[in-house]
Every structure is written in C-alpha cells, then in structure tokens.
Amino acid sequence: MKHELPKEKRAATAPTEDSAGFDLDAIDALPEFDPAEYLDSEEAIVAYLNEFLQEGDPALLAHALGTAARARGMSQVAKDAGMAREALYKALRPGSSPRLETVMKVMKAFGVRLVVEPIARKEQSPA
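Under the numbering used here, residues 1388 to 1514 are what the sequence shown spells out, in order.
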C-alpha cells in the first residue's frame, strides 16, 4: 500500500517502521505486482477468470478481463472481440460494470465461455 505523503516529507513526519517493525521505505521500494505478467497461457487465463467469476462482482470481473486483455495484448483482444480498442479500455477500466454482451465478446476473444452450474447449497441441519 502506497503512502499518502512523498517519501521526503514522510521522513520528516512519520517513522520509517510501522508497529509490526516493517521498514516502510523498503516496502515502498518493492516493484508493483502485475498479475498480467503471469497470464502466459490459456490455462492461466481460464483459472484467473474463474476465480473472479466466483465472486459475482461485475467490477472485479471487469478488472480480471482487463488484466487478461493486457496479458494477451489489448489491441489483439479488441480486434478478436470486434470492438474498438478505446471501447475495450473503457468497458474494462477499474470500477466499471461491463454489459454481458461485452463480457461475452471478450471471453470469446480469449477462446473461453461462461458455463452455468448449480450453486452448492449448505446442507441444512435439523433444528
């Protein structure tokens, strides 16, 4: 998590360690994690998208689709989905809720599809 203040101002106003003893400056120096770097196969993309689909949150799904599109190449995904690149960026930007039509086009561009299956129900215990 990034700090609100720039490093030079933070040094004068805040300790460089948090209450758990972590060196905050060292944490800030770590590279940002980009999951797109690890989505290097169809299987990896499928597993990644399935995790987000299970959450049931359209904004999270848009984020996952956007990450997978960056991994595959946004221009190529837009072309394969029959969309303008700018429209794809807009549809998959953080916090967006893409239309089902857009989700279906993008998933088809990845060579995957949505599958309907029953939700596992917890067994009810007798009262």
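Beta carbons are placed, not taken as given, at the ideal position from N, Cα and C, and that holds for glycine.
With C-beta atoms as the reference, is L1360 less than 8 angstroms away from A1468? Residue 1360 cannot be examined here, being either before or after the span of the chain that is shown, 1388 to 1514.
Identify every residue that forms a DSSP beta bridge with D1412. Here residue 1412 corresponds to residue number 25 of the sequence shown, with the count starting at 1. Under DSSP, no beta-bridge partner is assigned to D1412.
Would you check if the distance between the CB atom of R1472 and the CB atom of S1484 is smaller than 8 angstroms? Within the sequence shown, the letter at position 85 stands for residue 1472. Within the sequence shown, the letter at position 97 stands for residue 1484. The answer is no: Cβ separation not under 8 angstroms.
By alpha-carbon positions, which one of A1458, L1448, D1444 ends up nearest to E1430? In the sequence shown, residue 1430 corresponds to position 43, counting from 1. Comparing Cα-Cα distances from E1430 to each of A1458, L1448, D1444, the minimum goes to A1458.
Note down the Cα distance separating M1491 from L1501, rounded to an integer number of angstroms. Here the question's residue 1491 lines up with position 104 in the sequence shown. Here the question's residue 1501 lines up with position 114 in the sequence shown. Between M1491 and L1501, the C-alpha separation is close to 8 angstroms.
Here's the rule: buried if 16 or more other CB atoms are within 10 angstroms of the residue's CB, otherwise exposed. What is K1416? The sequence position of residue 1416 within the sequence shown is 29, counting from 1. One point to set straight first is that residue 1416 is Ala, not Lys, in the sequence displayed. Classification for A1416: exposed.
Out of G1460, L1452, E1419, F1420, point me to the one whose CA is closest to V1433's CA. By one-based count along the sequence shown, residue 1433 stands at place 46. Among G1460, L1452, E1419, F1420, the Cα nearest to that of V1433 belongs to L1452.
Same chain, Cβ closer than 8 angstroms to E1442, five either side skipped, listed in chain order: If you number the sequence shown from 1, residue 1442 lands on position 55. The residues are L1448.
Within 8 angstroms, strictly: CB atoms of F1420 and A1455: Against the sequence shown, residue 1420 aligns to sequence position 33. Against the sequence shown, residue 1455 aligns to sequence position 68. It is not a contact, given that the beta carbons lie outside the stated cut-off.
Terminal residues of the continuous alpha helix (DSSP H) containing I1432? Reading the sequence shown from its first residue, position 45 is the one you call residue 1432. Per DSSP, I1432 is one residue of the alpha helix (DSSP H) stretching across 1429–1442.
Once you ignore the five residues that flank E1515 on each side, which residues in its own chain have a CB closer than 8 angstroms to its CB? The structure shown has nothing for residue 1515, since the chain only spans 1388 to 1514.
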